[in-house]
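First to last, the protein sequences are chains A and B. Residues in the first sequence are numbered from 908 upward in steps of one, following my numbering. Residues in the second sequence are numbered from 8 upward in steps of one, following my numbering. Ideal Cβ placement from N, Cα and C applies to all residues, glycine included. To start, the structure itself, in C-alpha cells.
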Amino acid sequence: NAGVTQTPKFQVLKTGQSMTLQCAQDMNHNSMYWYRQDPGMGLRLIYYSASEGTTDKGEVPNGYNVSRLNKREFSLRLESAAPSQTSVYFCASSEAQGTGHYGYTFGSGTRLTVV
Amino acid sequence: GQQLNQSPQSMFIQEGEDVSMNCTSSSIFNTWLWYKQDPGEGPVLLIALYKAGELTSNGRLTAQFGITRKDSFLNISASIPSDVGIYFCAGRERFSNYQLIWGAGTKLIIKP
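Next up, the structure:
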C-alpha cells in the first residue's frame, strides 16, 4: 500500500544508548517531518525537511538529529537516549509548498521507551 | 510555538448522538485540516478546508472554515462506535510556510 512506512514499530532503549528511526514514503512527496506525541500534548514537531537536501529544526529538536537520505527517506537519530524521550514518534510527508495541498500523510508510529 | 486551542479535551457520548468540536487560533489561517487518530495508528486526514466560510462534508462528518479565519468546527452526526478516537485540528497561518500548527486533540469516547 502506498504511504509512509516507519520502522521499528516498538523499541526499548537503555539510557545513553543510541538508535535511528527509519521512515520512507512512496508518494513522491517533497517534504517530510518527524513528530513526537506525548499524552495530552498533541503533536510536536522535532525536525522537518522541506525538500531533498535540506533539514530544519522544529519545536523540540534537542537530543535529536536527522538525515534526509534521498527523496524517499528521512531518518531520526537519538545519539544518547534519555527517559524524557520516551514517546510515540510519527513520520509524515506532504506535497511541496505552493501546490495548494497541505495535508500530511502519517506513518503508523514508533513507540519508544527509554529506561 | 503557537498551538491551536482545541475543545473539548474529551467527550463522552451515547451512540447515535451528534458531536461538535472546535479549534481557535490567535492569528489568521489559510488552511484548516481535521484528522482522526485511531488507537495505535497515525493520524488520518478527514477533511481539508482552504477558504473562509467553506463547509465540507465527508460522510457523517462536516467541517467549516470560520469566516473570521481564526476558527474551525467539526461536527459528527449520529455517532457510531467506530468514531471513537482522537480528533486533531491543524492549520497553516497566513504568510507562513507550509508547516502545520496542531491542536492538542479531542478524545471521543462512546458510552457503552
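Worksheet item: Just by C-beta distance, which residues in the region 34-63 of chain B are closer than 9 Å to chain A?
Response: N37, T38, L40, Y42, Q44, G47, E48, G49, P50, V51, L52, A55, Y57
Item to complete: Within the same chain, show all residues whose beta-carbon is closer than 6 Å to that of F917(A), passing over the 5 residues directly before and after it, in chain order.
Response: R1018
Practice prompt. Determine the extent of the beta strand (DSSP E) in which L78(B) is found, giving its start and end residues.
Written response: The sequence shown places Asp at residue 78(B), not Leu. Here the beta strand (DSSP E) through D78(B) covers 78-83.
Discussion item. Let me confirm a value: N29(B) is counted as buried when at least 16 other C-beta atoms fall within 10 Å, else exposed. Which label applies?
Written reply: buried
Discussion item. Need the endpoints of the beta strand (DSSP E) that Q44(B) sits in, please.
Written reply: 36-44
Worksheet item: What does G92(B) touch in chain A if you count any residue whose Cβ is under 9 Å from its own?
Response: Correct list: empty, because the minimum Cβ distance to chain A is about 13 Å.
Discussion item. Could you check whether the Cβ of A70(B) sits closer than 7 Å to any Cβ belonging to chain A?
Written reply: no
Practice prompt. Could you tell me whether the region 962-981 of chain A touches the region 15-31 of chain B, using the rule of 3 or more Cβ pairs below 8 Å?
Written response: no
Worksheet item: How about A85(B): is its C-beta nearer than 7 Å to some C-beta of chain A?
Response: no
Discussion item. I'd like the span of the beta strand (DSSP E) that includes K978(A), first residue to last.
Written reply: Counting along the chain, K978(A) falls outside any beta strand (DSSP E), and DSSP gives it neither H nor E.
Worksheet item: With S974(A) and S958(A) assumed to form a contact (beta carbons below 8 Å), what rounded beta-carbon distance in angstroms separates them?
Response: About 14 Å; that fails the 8 Å criterion.
Discussion item. Could you check whether the Cβ of L950(A) sits closer than 7 Å to any Cβ belonging to chain B?
Written reply: yes
Worksheet item: Out of curiosity, what's the CA-to-CA distance linking F997(A) and Q44(B)?
Response: 12 Å
Worksheet item: How big is the Cα-Cα spacing for G970(A) and A988(A)?
Response: 8 Å
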